[in-house]
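Enquirer: Take a look at this one; I'll ask things after.
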Amino acid sequence: MAVQGASSCPQHGTVRITQRARATRAWRRALAAAAAVLALPALAGPALAMPTHPVHRTPEGGFEELMVPSSMGPIKVQVQWAAHGGDAALYLLDGLRARDDFNAWTVETNALQQFANDNVTLVMPVGGQSSFYTDWRSPSNTNGQKLTYKWETFLTEELPAFLEGYGVSRTNNAVAGLSMGGSAALALAAYHRGQFKHASSFSGYLNISAPGMREAIRIAMLDAGRFNVDSMAWPWSPQWLRMDPFVFAPQLRNLPMYISASWGVLGPHDHPDSPIGIFNTANAVALEALSMVNTLSFMGRMNQLGIGAHYSFPMQGTHSWPYWQDQLAAARPDILAALGA
């Protein structure tokens with residue numbers, strides 16, 4: 001009897017053909033299974049891809065504290081990640097009395113809320129009291145300091161390299177600071193133009209080589225942590241002059257800047273209601289008036305060089321956080337425009 005599909009072949013030939021057909025079908029099924037396995041990674045797509053940088057412990061727009069390695073030891077850095085995953089960053093520098101537990105921008109102002117919906121990461125280093133955010137020549141010898149401040153190195157080398165691992169650009173940054181941080185912001189931007197595209201100074205001291213300024217800074221630094229200004233830089237040495245915005249002004253050409261200071265007249269945020277409150281307000285008036293004199297001198301130098309900046313000189317305002325909060329809000333559009341954020 002002939003087997004179906006074997007035509008008129010003899011029976012032993014039919015068996016061989018049937019076995020060959022079964023083997024062929026089995027081989028095809030094996031190939032199909034192998035192809036399906038190989039296709040799985042492609043079908044999975046990004047879900048199976050390994051992350052290219054550390055994962056944030058908080059979502060986009062969230063607040064996080066990082067411990068960043070440095071030559072000074074681990075440094076706490078508070079960050080608010082960009083709201084939409086962007087790579088731009090704004091460094092916010094503290095004042096002379098910077099604390100070791102938090103950056104004052106996070107607790108004295110609404111800076112986090114101001115940028116909450118913006119595609120820019122806020123980077124707020126903690127510490128650096130009386131440091132002027134520069135690299136010192138030696139530890140302070142008036143307060144037993146064990147390490148040498150290396151804040152410029154940290155902010156322009158160690159911290160950007162660390163943040164790059166989280167997707168933050170090393171070249172699309174802005175920097176802003178108040179008082180001590182104001183002159184430091186301009187210095188960092190002047191000497192690291194590849195990193196910073198915008199700089200803001202609020203009530204900064206922008207002519208620190210003017211008569212009497214070094215001794216005024218000496219007194220202030222002794223009061224804020226008993227730091228010795230001579231350990232930072234020798235009087236009128238190249239290192240000292242390098243810190244002075246009035247001196248390095250030519251290096252600020254073509255850099256977008258927001259520069260502000262007030263006249264020291266009491267304003268809407270000043271409500272002293274106790275002896276200590278009156279004392280602190282009187283100090284804030286004097287400090288702001290000195291900042292205004294410095295800033296006007298700096299502006300004259302910039303105008304002489306033909307270098308432009310966005311200046312803000314409100315009549316009312318003292319050397320205090322509510323006014324710096326207002327100035328940050330005023331600078332925000334310029335900062336975001338410079339960063340494309």
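In this text, residue positions in the sequence shown follow our numbering: the first is 1, and each later residue adds one.
Glycine is no exception: its CB is placed at the ideal position from the N, C-alpha and C atoms.
(1) For Phe115, does the three-state DSSP call read helix, strand or coil?
(2) Please go through the same chain and pick out, in chain order, the residues whose beta-carbon is closer than 8 Å to the beta-carbon of Ala23, but skip the five residues on each side of it.
(3) State the CB to CB distance for the pair Gln316 and Ser231, rounded to an integer number of angstroms; the pair is presumed to be in contact (CB under 8 Å).
(4) Quick check on Arg99: buried or exposed, where buried means 16 or more other Cβ atoms within 10 Å of its Cβ?
(5) Over what stretch of residues does the beta strand (DSSP E) that includes Gly177 continue unbroken?
(6) Is the CB-CB distance between Trp324 and Ser203 below 8 Å?
(7) Need the endpoints of the beta strand (DSSP E) that Glu64 sits in, please.
(8) Tell me the rounded alpha-carbon separation between Ala286 and Val175.
(9) Quick check on DSSP: helix, strand or coil for Leu93?
(10) So does the stretch 153-172 actually touch the stretch 59-78, counting three or more Cβ pairs closer than 8 Å?
(11) Kindly identify the DSSP beta-bridge partner or partners of Ser260.
(12) Three Cβ pairs or more, each shorter than 8 Å: is that satisfied between the stretch 213-222 and the stretch 265-281?
(13) CB-CB under 6 Å to Ile259, same chain, minus the five flanking residues each way: which ones, in chain order?
(14) Using only the alpha-carbon positions, how far apart do Pro322 and Thr171 sit?
(15) Is DSSP giving Thr153 helix, strand or coil here?
(16) Got a sec? Which residues, its chain only, sit under 6 Å from Thr281 by beta carbon, not counting five neighbours each side?
(17) Taking three-plus beta-carbon pairs below 8 Å as touching, is the stretch 79-91 in contact with the stretch 119-129?
(18) Just curious, the alpha helix (DSSP H) that Gln239 is in, first and last residue?
(19) Per DSSP, Asp326 forms a beta bridge with which residues?
(20) Please find out if some non-hydrogen atom of the ligand ATP comes closer than 7 Å to the beta-carbon of Tyr205.
(21) Ala189: buried (16+ other C-beta within 10 angstroms of its C-beta) or exposed?
(22) For Ser291 versus Phe227, is the C-beta spacing smaller than 8 Å?
(23) Note down the Cα distance separating Leu241 from Asn207, rounded to an integer number of angstroms.
(24) Could you have a look at Gln129 and say whether DSSP puts it in helix, strand or coil?
(25) With a CB to CB cut of under 6 Å and the five nearest residues on each side skipped, what residues in its chain are close to Pro314?
(26) For Pro268, is the classification buried or exposed, using 16 other Cβ atoms within 10 angstroms of its Cβ as the cut-off for buried?
(27) Could you say which of His84, Gly194 and Gln114 lies nearest to Arg332 if we only look at CA atoms?
(28) Between Val68 and Asp101, is the Cβ-Cβ spacing less than 8 Å?
(29) Excluding five sequence neighbours on each side, which residues of the same chain lie with their C-beta closer than 7 Å to the C-beta of Gln145?
(30) Taking the C-alpha atoms as reference points, what is the distance between Ala185 and Leu93?
Expert: Reading it off the structure:
(1) coil
(2) In this prediction, Ala23 has a pLDDT of 48, which is less than 50 and means its spatial position is unreliable; nothing more can be read from the coordinates.
(3) Not really, about 37 Å apart at Cβ, beyond 8 Å.
(4) exposed
(5) Asn173 to Leu178
(6) yes
(7) Phe63 to Val68
(8) 26 Å
(9) strand
(10) yes
(11) Phe202 and Ser312
(12) no
(13) Ser201, Ala309 and Tyr311
(14) 30 Å
(15) helix
(16) Asp270 and Pro272
(17) yes
(18) Pro238 to Arg242
(19) DSSP output for Asp326 lists no bridge partner at all.
(20) The model depicted lacks the ligand ATP and carries no ligand whatsoever.
(21) buried
(22) no
(23) 10 Å
(24) coil
(25) Ser262
(26) exposed
(27) Gln114
(28) no
(29) Pro139
(30) 7 Å
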